[in-house]
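S.K.: Under the working numbering, think of the first position of the sequence shown as 33, with each following residue one higher.
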Amino acid sequence: MPPKKRKEKPCLYDRLPKQAQVKVDAFRAHYDIYFKNQTIAADVLKCSQSAIHRYLSGKVLVPMEIADRFMKFTNGVVSVESIFFDLNEYLYDQEKAKEAAA
Numbered sequence: 033m034p035p036k037k038r039k040e041k042p043c044l045y046d047r048l049p050k051q052a053q054v055k056v057d058a059f060r061a062h063y064d065i066y067f068k069n070q071t072i073a074a075d076v077l078k079c080s081q082s083a084i085h086r087y088l089s090g091k092v093l094v095p096m097e098i099a100d101r102f103m104k105f106t107n108g109v110v111s112v113e114s115i116f117f118d119l120n121e122y123l124y125d126q127e128k129a130k131e132a133a134a
């Protein structure tokens, strides 16, 4: 009998709006430029290696604090706005737009 295939859980990245996916992709691109591995990134950004992995995989969005540390590390080359996405604000704005349309 063939082994059972495990069901892949849908990742947050797959359910994000396009604007948020762009931010995750930007974080990945900047990570590739500035860091050799996740351990070094974790040391510089003052978080755990597993957190870096979650940001890179899109399981978790990059928090404001991490985006700010990344900006300071790069002396402003990487802006906070380029890698931070506030999902709660986006959802709130969408809800307000629905209410205004009704």
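Every residue, glycine too, gets a C-beta built ideally from N, C-alpha and C.
Ends of the alpha helix (DSSP H) at residue 110?
M.R.: It is not in any alpha helix (DSSP H) - residue 110 carries neither H nor E in the DSSP assignment.
S.K.: By a C-beta neighbour count over all protein chains shown, 10 Å radius and 16 as the cutoff for buried, is residue 63 buried or exposed?
M.R.: Per the 10 Å Cβ criterion, buried.
S.K.: Return yes when the Cβ of residue 52 is within less than 8 Å of the Cβ of residue 93, no when it is not.
M.R.: Yes, these two residues count as a Cβ contact at 8 Å.
S.K.: Would you report the Cα separation of residue 115 and residue 77, rounded to the nearest angstrom?
M.R.: Each residue's alpha carbon lies about 14 Å from the other.
S.K.: Quick check on the burial criterion: 16 or more other C-beta atoms within 10 angstroms. Buried or exposed for residue 55?
M.R.: Buried, by the Cβ-count rule.
S.K.: Among 122, 119, 120 and 103, which has the Cα closest to the Cα of residue 112?
M.R.: Considering only alpha carbons, the answer is 103.
S.K.: Can you tell me which of the three DSSP states residue 130 falls into?
M.R.: DSSP places residue 130 in helix when its eight states are reduced to three.
S.K.: Compare the C-alpha of residue 182 against each of 66, 118 and 80 and name the closest.
M.R.: Residue 182 lies beyond the range of the chain shown here (33 to 134); nothing can be said about it.
S.K.: Ignore the nearest five residues each way along the sequence and tell me which others in residue 132's own chain have a CB closer than 8 Å to its CB.
M.R.: Excluding sequence neighbours, residue 132 sits near nothing in its chain.
S.K.: Buried or exposed: residue 98, going by 16 or more other Cβ atoms within 10 Å of its Cβ?
M.R.: Flag for residue 98 reads buried.
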